[in-house]
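Going by the UniProt record's numbering, the first residue of the sequence shown is number 1, and it counts up by one from there.
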Amino acid sequence: MRKNHRLRWAAIPIAASLAIVLAGCTQAQLHGFLPGFEEGQPAVTNQTDRIGGLWTTSWIVLLVIGLITWGLMIWTVVVYRRRKGQTGLPVQLRYNMPIEIFYTVVPLILVLGFFAFTARDQAAIEARFESPDVKIEVIGKQWAWDFNYVTDDVYSAGIQGQPDLNGPKGSLVESEIPTLVLPIGKKIELALESRDVIHSFWVIDFLYKKDMIPDKTNYMSVIPERIGTYSGKCAELCGEYHSLMLFKVKVVSEADYDAYIQSLRVAGNEGQLDNDYKRNQNLPGTSAPTVQEGN
């Protein structure tokens, strides 16, 4: 009884200290230092809180397991170390059934738990909208991006990042980086295509990326919830200028989105860019051209 009483009093300051530390954390710290979380700001998309929660909770569980494991190892080394004057081996045990069952059941529960929560969140993230407000086709190419605004029948063609000769070494011309414009609060369906090799569409602050595979369409369904400009890049090594295959996602108001679509029409970008060029057709013996005619 006295031992339990002492443990109870020891747990109170530990719990209080933990509460104070967590209360002083920023949103970024509470979400495991993931990008896209700022104090007083909504989540970037409808899915970032879910992804951040899965990430942070998993790390908390794993750290607790690590602390228990390290604690038991250190305790064993200290308590059962060889004392001065001791000789021979300690008493040898063949097995300990309760401990063996514990070591089997607990990892099984952890694996099943991680699998269940991951499968639950994955199903929610991958679910496609039945009636999206805006449909956009994203085409990856070596080494840039094309955007077909399917719902509005306009397009934007991009080029790979261009060095800024007047800026710091390694900087790019920001105005020439392909930009995908999305309206805030709308159900967006992105159809991800590749024109040549495997690419990967990654918007960093969305905490989500998806491969783009030739002859296969993958989909990303998302609702942008915070106005701003977010960096994106290809996350799959796709050739010589992979590092220059950058883009930006600009989340704007509905009025600004309509104005942008109209600007594409005024610029003559009506219709849709095709997706005909396939790198996997350019193989020896298939009458492939000796000179490529663009991407």
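Ideal Cβ placement from N, Cα and C applies to all residues, glycine included.
- request: Check whether the stretch 77-87 touches the stretch 238-253, counting contact only when three or more Cβ pairs, one atom from each stretch, lie closer than 8 Å.
  value: The stretch 77-87 is not in contact with the stretch 238-253.
field: Distance between beta carbons of I184 and E225, contact taken as under 8 Å
entry: With 8 Å as the limit, E225 and I184 qualify as a contact, their Cβ atoms being about 7 Å apart.
task: Locate the alpha helix (DSSP H) running through W59, then write down its first and last residues.
output: Residues 48-79.
- prompt: Using the rule of at least 16 other Cβ atoms within 10 Å of the residue's Cβ for burial, across every protein chain shown, is A267 buried or exposed?
  reply: A267 is exposed by the Cβ-count criterion.
query: Secondary structure at V173, three-state DSSP: helix, strand or coil?
result: V173 falls in the coil class under three-state DSSP.
- prompt: Under three-state DSSP, which class holds V251?
  reply: V251 falls in the strand class under three-state DSSP.
- prompt: Within 10 angstroms of its Cβ, does A124 collect 16 or more other Cβ (buried), or is it exposed?
  reply: A124 should be labelled exposed.
Cut-off 6 Å between Cβ atoms - residues of its own chain near K3, not counting five sequence neighbours on either side: Low confidence applies to K3: its pLDDT is 49, below 50, so where it sits in the model is not reliable, and the reading given next is rough at best. Residues of the same chain with their beta carbon placed closer than 6 Å to that of K3 are lacking, with the five preceding and five following residues left out of the count.
message: Contact defined as beta carbons within less than 8 Å: I believe K169 pairs with I223. What is the distance between those atoms, to the nearest angstrom?
response: In fact, because the Cβ distance is near 39 Å, the residues do not count as touching under 8 Å.
field: Nearest-angstrom Cα separation, counted from L62 out to L264
entry: Cα to Cα, the separation comes out at about 50 Å.
task: Check the C-beta distance from R195 over to G161 and give it rounded, since I have them as a contact under 8 Å.
output: Taking the Cβ atoms as the reference, R195 lies roughly 18 Å from G161, outside the contact range of under 8 Å.
message: Buried or exposed, going by whether 16 or more other CB atoms sit within 10 Å of the CB of W70?
response: Exposed.
- prompt: Is the Cβ-Cβ distance between L180 and F129 less than 8 Å?
  reply: No, these two residues do not count as a Cβ contact at 8 Å.
message: Tell me the DSSP secondary structure of F206 in three-state form.
response: Reduced to three states, the DSSP call for F206 is helix.
query: How about Q272 and Y155: are their beta carbons less than 8 Å apart?
result: The beta carbons of Q272 and Y155 sit closer together than 8 Å.
query: Got a sec? Which residues, its chain only, sit under 8 Å from F115 by beta carbon, not counting five neighbours each side?
result: Excluding positions up to five away in sequence, the list is empty.
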